[in-house]
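Note sheet for the following structure.
Protein chains: 2
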Amino acid sequence: MEAYRKLLLLLVLLLGRASTSVLDNRIDQFELDNSSENSCNLPDTLLQEIKTYQPIVNKIISGIVDGQFAGKTWESLSQLVDTFGARLAGSEQLEKAIDYVLDRMKEDQLENVHTENATVPHWVRGYESAQLVTPFKKNLPLLGLGTSVGTPRGGIIADVLAVESFKEFESITPDQVKGKIVVFVPQWESYGKTVVYRSKGASVASKKGAVATLIRSVTPFSIGSPHTGGQNYEEGVKKIPSACITVEDAEMILRKYRRGDQMTIHLEMEDRNLEPFVSRNTIAELVGTKYTNSSVVIVSGHLDSWDVGVGAMDDGGGALISWKALTFLKAMGLRPKRTIRAILWTGEEEGLWGGRAYKDAHKTNEKEEFNFFFESDIGTFEPRGLDFSGNNDAGCIFREIVKLMSSLNATDFETPTDGGPDISHWTSRGFPGASLMNKNEKYFWFHHSAGDSMAVEDPKNLDKCAALWAAAAYVVADLSVSIPKDVID
Amino acid sequence: MEAYRKLLLLLVLLLGRASTSVLDNRIDQFELDNSSENSCNLPDTLLQEIKTYQPIVNKIISGIVDGQFAGKTWESLSQLVDTFGARLAGSEQLEKAIDYVLDRMKEDQLENVHTENATVPHWVRGYESAQLVTPFKKNLPLLGLGTSVGTPRGGIIADVLAVESFKEFESITPDQVKGKIVVFVPQWESYGKTVVYRSKGASVASKKGAVATLIRSVTPFSIGSPHTGGQNYEEGVKKIPSACITVEDAEMILRKYRRGDQMTIHLEMEDRNLEPFVSRNTIAELVGTKYTNSSVVIVSGHLDSWDVGVGAMDDGGGALISWKALTFLKAMGLRPKRTIRAILWTGEEEGLWGGRAYKDAHKTNEKEEFNFFFESDIGTFEPRGLDFSGNNDAGCIFREIVKLMSSLNATDFETPTDGGPDISHWTSRGFPGASLMNKNEKYFWFHHSAGDSMAVEDPKNLDKCAALWAAAAYVVADLSVSIPKDVID
Chain E
268 MEAYRKLLLL
278 LVLLLGRAST
288 SVLDNRIDQF
298 ELDNSSENSC
308 NLPDTLLQEI
318 KTYQPIVNKI
328 ISGIVDGQFA
338 GKTWESLSQL
348 VDTFGARLAG
358 SEQLEKAIDY
368 VLDRMKEDQL
378 ENVHTENATV
388 PHWVRGYESA
398 QLVTPFKKNL
408 PLLGLGTSVG
418 TPRGGIIADV
428 LAVESFKEFE
438 SITPDQVKGK
448 IVVFVPQWES
458 YGKTVVYRSK
468 GASVASKKGA
478 VATLIRSVTP
488 FSIGSPHTGG
498 QNYEEGVKKI
508 PSACITVEDA
518 EMILRKYRRG
528 DQMTIHLEME
538 DRNLEPFVSR
548 NTIAELVGTK
558 YTNSSVVIVS
568 GHLDSWDVGV
578 GAMDDGGGAL
588 ISWKALTFLK
598 AMGLRPKRTI
608 RAILWTGEEE
618 GLWGGRAYKD
628 AHKTNEKEEF
638 NFFFESDIGT
648 FEPRGLDFSG
658 NNDAGCIFRE
668 IVKLMSSLNA
678 TDFETPTDGG
688 PDISHWTSRG
698 FPGASLMNKN
708 EKYFWFHHSA
718 GDSMAVEDPK
728 NLDKCAALWA
738 AAAYVVADLS
748 VSIPKDVID
Chain R
268 MEAYRKLLLL
278 LVLLLGRAST
288 SVLDNRIDQF
298 ELDNSSENSC
308 NLPDTLLQEI
318 KTYQPIVNKI
328 ISGIVDGQFA
338 GKTWESLSQL
348 VDTFGARLAG
358 SEQLEKAIDY
368 VLDRMKEDQL
378 ENVHTENATV
388 PHWVRGYESA
398 QLVTPFKKNL
408 PLLGLGTSVG
418 TPRGGIIADV
428 LAVESFKEFE
438 SITPDQVKGK
448 IVVFVPQWES
458 YGKTVVYRSK
468 GASVASKKGA
478 VATLIRSVTP
488 FSIGSPHTGG
498 QNYEEGVKKI
508 PSACITVEDA
518 EMILRKYRRG
528 DQMTIHLEME
538 DRNLEPFVSR
548 NTIAELVGTK
558 YTNSSVVIVS
568 GHLDSWDVGV
578 GAMDDGGGAL
588 ISWKALTFLK
598 AMGLRPKRTI
608 RAILWTGEEE
618 GLWGGRAYKD
628 AHKTNEKEEF
638 NFFFESDIGT
648 FEPRGLDFSG
658 NNDAGCIFRE
668 IVKLMSSLNA
678 TDFETPTDGG
688 PDISHWTSRG
698 FPGASLMNKN
708 EKYFWFHHSA
718 GDSMAVEDPK
728 NLDKCAALWA
738 AAAYVVADLS
748 VSIPKDVID
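See the structure below:
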């Protein structure tokens, strides 16, 4: 996922919510104070109704974790990523993977299996090489950043200027920067805080005349692997090549620079931006017994990935549990009142393009069409619970639903949500949604790197995540009431 | 370090000790049962003498850890590896690093600063590339193994055969292997058990007609980095290219192979073996007040490294604490009765060549020349204590010395030693020695990979290791008695 976008969208949400309060589908008995569980005052009938789901939730969980479906999610994910590898937006591999998933969804007897088009950027990585040439030769493993331009053929050889922060860079004059490769070496604080160097470094450096930027990979821990990710050129600024290097090399360069060592780097990148590409969101349903195309519950993750590693963690796991939640519910003969729709987004990594296209295509009737949005895009390690976004009324209901997940030891409820980038197209405007919280303390160790592989995914944890996903979606989709929402028009 | 060699040498030691017991410099009062501390019966006068070193040990430790030398070891190591990078045997960088260390040792006013020649293999890594070309294209990061031959120019394209173990490979006929690239994917058990695939894989596969081998990197944990290391061709077997790939890719290839997926890899390696090179062991002393060139106490680590990462952990840390132990003792005005000699070995990684050359050159009078051998080559994380090798009499004394390290919380005593590859040239023949034990649970995560960098080294832990080194060497060198030994002639 692109967590920095998530932060921006959260800000939009908070500002929007403060200024507007359009109540939609409101349950009037609820208090609106969002500060704590004590502000909830659910009708006893609804409380009792939610509790009646405990046996079916337990059945769903035991079937997926200990029963006939145990291990199936890992096996399916492994088949997918072992067959197609990485799935960059615009690539043949992603489109082949979409076709493959469609076929498998049909085999699973899911309903309304189809795709909907989404135009995505088409950036491609070419040959990439960086070498410290002065004062000694050292290969610097690197990964160009999404949307980065390449170097001229043969590359560029330039002196190095290294800084730890944008603040430090402010004090440096354009004369000192001109013609140099600027190396940004921010200490890791958090993804949200540190990723600004990756997303903005090229523009910041270019304004003062840098010829390229190399940035410390955005990770708290490294074993010599570079991490890629998106970056954005500011309007009107000369586009210069931008890549991440390893933590190890970046820190070495900063130490040497501060000691006054003169350094020269030969950088060659054949990365380039092609014409936008029409990709597809991959969709399947378990059609509701009472509502079919209204009050739909979405479960989602993105099928695309960066082009390094195989995207098993980001976001193969999230995509798989969304797909398999439907498969397992169907196989167990469980069909709720409302439709559950799995959406495997495309083009998430380059800027949430799949979600955006879907939002635009379903805009007209969206308040009626959508009841709730689930998204898993911050790992499928051992689940902890669900991270909620929506109004207080909705939160009060959802908090009770999460309590049903005690047999998974996954009853944590937090709000606002912190990890639903694609569904932020809706949650940022007041639609209710939730993200899967899991024990993902090592998530950024592997994120956007060659370490994003099946080795990160544990079969039992994937089962538990799929179970949580299926059970929570089932209850939301089957409740007598829709989840309340305040949508900003 | 090359731990598999250590295991072999330990075996030699144990076999040798069982068959021969030449007592040398024996303290007759001691019991010879080596089973526990209870078998010790040190004379009270010696016990008391060792205890009198507690104040000076505490002074050494506090000076290095909390006093004027705090942080100096990390800073010196950082200067070394940031200035020269990796230091492969036979490389210009290693020889420049040796010259640099000699100059710094002289600046530190160490004594008898000099080098002694050691002929080392001269293997060089050339361009290396592996790509899965069928059924989809995927770059497979790899590192050729020391002594591996290259491929023909343009590389080889061959079908893949993947197995988990040599046992599984035994059941496969040469017809099935001929012309293939054999991928060995052993599960990690321990370094000693798993490294045999790296050291022997090429010969095992070649005997059945393989054209190359790719081996799962020998590590328990990976973030997409390959790990290099040595390998050995058996006599009379055709030499085929051999490299390690990442854990992630190796496991993917094994899963695909077991599903029946046909895979083709394009492998190109320009690695080659040049003529042996005359390198140097780097030596400095703190000359004893009573003995100068006899009963010497050696403190050591190796200055060479593999050519990936910068060899800060393997074995920059061990080399630095050996050098700086002398520097700090000298600066504190502490000079023991016996000479302490720091030796920074060369050519360790290719097979303990520096130690071997030194042993051969000092063979004639070795029993008189050497009292005790220290080596640090399994990390300089937080120290735990010392790992001893030698006869029971020596162990009884050394156990008491280790007890003096309580202010470092580093009083663990284990035996036999498990981590002194270069000094095994002596300890395997009955000379007493010890290796630095430290909290190195993550050692193999970084070992022989791009992750071997200053990021692994903690200034405070390096101070503690240097303090332990200096204090233990001082006491051994100053004791009224030499450490007993049973040397196999």
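Heads up: the sequence lines are chains E and R, in that order. Numbered according to the numbering used here, the first sequence spans residues 268 to 756. Numbered according to the numbering used here, the second sequence spans residues 268 to 756. Note that CB positions come from ideal geometry on N, CA and C, so glycine has one too.
Buried or exposed by the 16-neighbour rule on C-beta atoms within 10 Å, applied to residue i
i, result
"E:G718", "buried"
"R:A628", "exposed"
"E:D644", "buried"
"R:R354", "buried"
"E:G421", "exposed"
"R:L729", "buried"
"E:Q498", "buried"
"R:S438", "exposed"
"R:S546", "buried"
"E:Y394", "exposed"
"E:P310", "exposed"
"E:G600", "exposed"
Boundaries (first-last residue) of the alpha helix (DSSP H) holding residue i
i, result
"R:S702", "R:S702 -> not in any alpha helix (DSSP H); beta strand (DSSP E) instead, spanning 700-705."
"E:L521", "514-525"
"R:Q335", "Per DSSP, R:Q335 belongs to no alpha helix (DSSP H) and is neither H nor E."
"R:F713", "710-713"
"R:Q360", "359-374"
"E:S589", "584-598"
Min CB distance residue i to chain R below 7 Å
i, result
"E:R522", "yes"
"E:S470", "no"
"E:D349", "yes"
"E:F680", "no"
"E:K405", "yes"
"E:V289", "Reliability of the predicted coordinates at E:V289 is poor, the pLDDT of 27 falling under 50, and the value obtained from them is presented with this limitation in mind. No - not a single Cβ of chain R is within 7 Å of the one on E:V289."
Contacts of residue i in chain R (Cβ-Cβ under 7 Å)
i, result
"E:W712", "I490"
"E:D408", "For clarity, residue 408 of chain E is Pro in the given sequence; the question names Asp instead. Within 7 Å Cβ-Cβ: A717."
Run of the beta strand (DSSP E) containing residue i, from where it starts to where it stops
i, result
"E:G411", "409-411"
"E:A425", "423-430"
"R:P683", "Neither: R:P683 is in no beta strand (DSSP E) and is coded neither H nor E."
Cutoff 7 Å: residue i Cβ touching any chain E Cβ
i, result
"R:G352", "yes"
"R:A717", "yes"
"R:E298", "Confidence at R:E298 is low in this model, with a pLDDT of 36, below 50, so its placement is unreliable and the value that follows should be read with caution. Judged by the 7 Å Cβ criterion, R:E298 is not in contact with chain E."
"R:R420", "no"
"R:N301", "Per-residue confidence for R:N301 stands at a pLDDT of 43, beneath the threshold of 50, marking its modelled position as unreliable; the derived number appears in the next sentence. No, no contact with chain E."
Residue i: contacting residues in chain R (beta-carbon distance under 9 Å)
i, result
"E:S720", "S489, G491, T513, V514, E515, D516, E518, M519"
"E:G576", "G491, E515"
Contacts that residue i makes with chain E (C-beta to C-beta distance below 9 Å)
i, result
"R:S749", "The contacting residues do not exist; R:S749 stays about 43 Å from chain E at best."
Per-residue contacts from residue i into chain E (C-beta, under 7 Å)
i, result
"R:S695", "Correct list: empty, because the minimum Cβ distance to chain E is about 33 Å."
"R:S345", "R522"
Proximal residues of chain E, C-beta to C-beta of residue i below 8 Å
i, result
"R:Q360", "F403"
* Asked: Are the region 671-691 of chain E and the region 318-338 of chain E touching by the rule of at least three beta carbon pairs closer than 8 Å?
  -> Flag = yes, the region 671-691 of chain E and the region 318-338 of chain E touch.
* Asked: Counting pairs of beta carbons, one from the region 351-367 of chain E and one from the region 471-484 of chain E, are three or more of them closer than 8 Å?
  -> Counting Cβ pairs under 8 Å, fewer than three are found: no touch.
* Looking at C-beta atoms only, is the number of pairs between the region 555-567 of chain E and the region 631-646 of chain E that lie closer than 8 Å three or more? -> Touching, yes.
* Asked: At a cut of 8 Å, does the region 463-477 of chain R reach the region 436-450 of chain R through at least three beta carbon pairs?
  -> Three or more Cβ pairs closer than 8 Å define a contact, and the region 463-477 of chain R meets that threshold against the region 436-450 of chain R.
* **Touching by the beta-carbon criterion (3+ pairs, under 8 Å), the region 595-606 of chain R and the region 709-727 of chain R** => Between the region 595-606 of chain R and the region 709-727 of chain R, the count of Cβ pairs shorter than 8 Å is below three; the stretches do not touch.
* the region 534-546 of chain R in contact with the region 511-526 of chain R per 3-pair CB rule at 8 Å -> no
* **At least 3 beta-carbon pairs within less than 8 Å: the region 566-586 of chain R vs the region 643-661 of chain R** => Because the criterion of three Cβ pairs below 8 Å is met, the region 566-586 of chain R and the region 643-661 of chain R touch.
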